[in-house]
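One point on numbering: in the UniProt record's numbering, the residue at position 249 of the sequence shown is 249, and numbering is uninterrupted.
Worksheet: the structure to be examined is printed underneath.
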Amino acid sequence: MTYNIAILGASGYTGAELIRLISGHSSMVIKALGGNSKAGQSLASVFPHLRHLDLPDLVKMEEIDFSSIDLCFCALPHKTSQEVISKLPKTLKIVDLSADFRLRDPEEYERWYGNPHSALEQQGEAVYGLTEFYRDDIRKARLVAGTGCNAATGQFALAPLIKAGLIDLDDIILDLKCAVSGAGRALKENLLHAELSEGYHAYALGGTHRHLGEFDQEFSMLAGRPVKVQFTPHLMPANRGILATCYVKGDPQAIHNALETSYQDEPFIEVLPFGEAPSTRHVRGSNFCHLGVTGDRIEGRAIVVAALDNLTKGSSGQALQNANLMLGIEETEGLMMAPLFP
């Protein structure tokens, strides 16, 4: 069976990544590409690397006929996404890549994103899209809220350990490095090559990064009590990739064993042998996440490192993985490509 797909926000990085992934999918056909800022343009003119694909031109979102669409990916900015999704057909399956439906509490959404939520009905039905932890709920969902790429990386490293009670919940440090594509495709002065290259800097210091809302929500739920991690993101001069280094109190070997057990049947999560550390270069362009554990020289402390591609496993690949489940397709379809190297 073939399913008709629409992508809203197709002119951004995550939109392009969705198109790249779906182009190799045996059961999906892209029927509509929404991109208001580039409406009327061909995909080849917007993304020359995809010119070999036979795809429709970009159009304004209101011009799309959703009556024949089985599933829609929304790769739109925060706030815009909730406004658009609230107007889509109530029977349409949707995977949203923005932050608009990730937080279950509307007050928490307003706290982290600075505006009241305007689609509370849809927010109430949304399922959090971290596939490995919400697989059964995602299968039955109409609306899935994709996670933040930083939030996904940290949760892959820490969620099984919090759930198993293996680490000190009051002493978790998450030091994360993210490539520049995580900031989107819009022109920003601080992301110009001359401003960013040959440098490396921390941002959102002191617990102000919006993905902390997801960490607070998910980790506290797993622990049954409030959990707040100390989190500092860094922007690195690379196009793709996230590397998260987590410093925790706990037995290193027990932590490694728990991650191996948790992910032993997961097709996209690779737990490396004890003592080995992952690298972003080994997951680039793929839907894989690599995890590594080592002990520290201070007894009773461990270092957990996670690496994934922010555009694939952290966003568009995760979205396609969820869409496969929602449509009853093999979860790995279109996603088993090997990482790019070098």
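Think of the CB as a built atom: it goes at the ideal place given N, C-alpha and C, for glycine as much as any other residue.
These numbers were taken from a predicted model, which means no experiment stands behind them.
query: Simplified DSSP assignment, three categories, for leucine 50; result: helix
query: Nonlocal neighbours in the same chain, by C-beta distance under 8 Å from glutamate 17, ignoring five residues either side; result: Leu311, Thr312, Ser315, Ser316, Gly317
query: DSSP state of arginine 185 mapped onto helix, strand, coil; result: coil
query: Strand pairing of arginine 301, partner residues [DSSP]; result: Lys249
query: Opening and closing residue of the beta strand (DSSP E) in which glutamate 195 lies; result: No beta strand (DSSP E) contains glutamate 195, which is instead part of the alpha helix (DSSP H) from 193-196.
query: Same chain, Cβ closer than 6 Å to aspartate 57, neighbours up to 5 away in sequence not counted; result: Ser42
query: Beta strand (DSSP E) runs wholly inside the UniProt domain "Semialdehyde dehydrogenase NAD-binding" (4-141), at least 3 long, in chain order; result: 28-34, 71-74, 93-96
query: Proximity of phenylalanine 101 and alanine 126 at Cβ, strictly below 8 Å; result: yes
query: Beta-carbon gap between alanine 179 and asparagine 239 smaller than 8 Å; result: yes
query: Within 8 Å, strictly: CB atoms of isoleucine 255 and leucine 174; result: no
query: Endpoints, beta strand (DSSP E) assigned at threonine 232; result: 230-236
query: Rounded straight-line distance, which links the Cα of serine 67 to that of leucine 8; result: 15 Å
query: Classification of aspartate 70 by the beta-carbon crowding that lies within 10 angstroms, buried from 16 upward; result: buried
query: Beta-carbon gap between alanine 145 and glycine 165 smaller than 8 Å; result: no
query: Euclidean distance between Cα positions of threonine 153 and aspartate 105; result: 22 Å
query: Spatial distance of glutamine 82 from aspartate 136 (CA atoms); result: 24 Å
query: Residue span of the alpha helix (DSSP H) that contains glutamate 270, given as start and end; result: Not the alpha helix (DSSP H): glutamate 270 falls in the beta strand (DSSP E), residues 269-271.
query: Test item: CB-CB of isoleucine 269 and leucine 291 under 8 Å; result: yes
query: Spatial neighbours of leucine 50 in its chain, beta-carbon cut-off 8 Å, leaving aside the 5 residues before and after; result: Ala16, Ile19, Arg20, Ser23, Leu43, Ala44
query: Distance, aspartate 265 Cα to phenylalanine 274 Cα; result: 18 Å
query: Counterpart residues of glycine 295 in DSSP-defined beta bridges; result: Ala302
query: Inter-stretch contact (C-beta, 8 Å, three-pair minimum) for the segment 182-190 and the segment 87-95; result: no
query: Same chain only: Cβ atoms within 8 Å of histidine 25, ignoring 5 sequence neighbours per side; result: Leu320, Glu333, Gly334
query: Residue(s) in a DSSP beta bridge with valine 144; result: Val95, Val127
query: DSSP three-state assignment for aspartate 216, whether helix, strand or coil; result: helix
query: Under the three-state DSSP convention, the category histidine 209 falls into; result: coil
query: Residues bridged to lysine 177 [DSSP beta-bridge criterion]; result: His234, Leu243
query: For cysteine 246 and arginine 225, the rounded distance between their alpha carbons; result: 20 Å
query: Run of the alpha helix (DSSP H) containing proline 226, from where it starts to where it stops; result: Where proline 226 is concerned, there is no enclosing alpha helix (DSSP H), given that its DSSP letter is neither H nor E.
query: Integer Cβ distance of leucine 88 from valine 59, believed to fall under 8 Å; result: Actually they do not touch by this definition, with Cβ atoms about 15 Å apart.
query: Reduced DSSP category for leucine 166 - H, G, I as helix; E, B as strand; rest coil; result: coil
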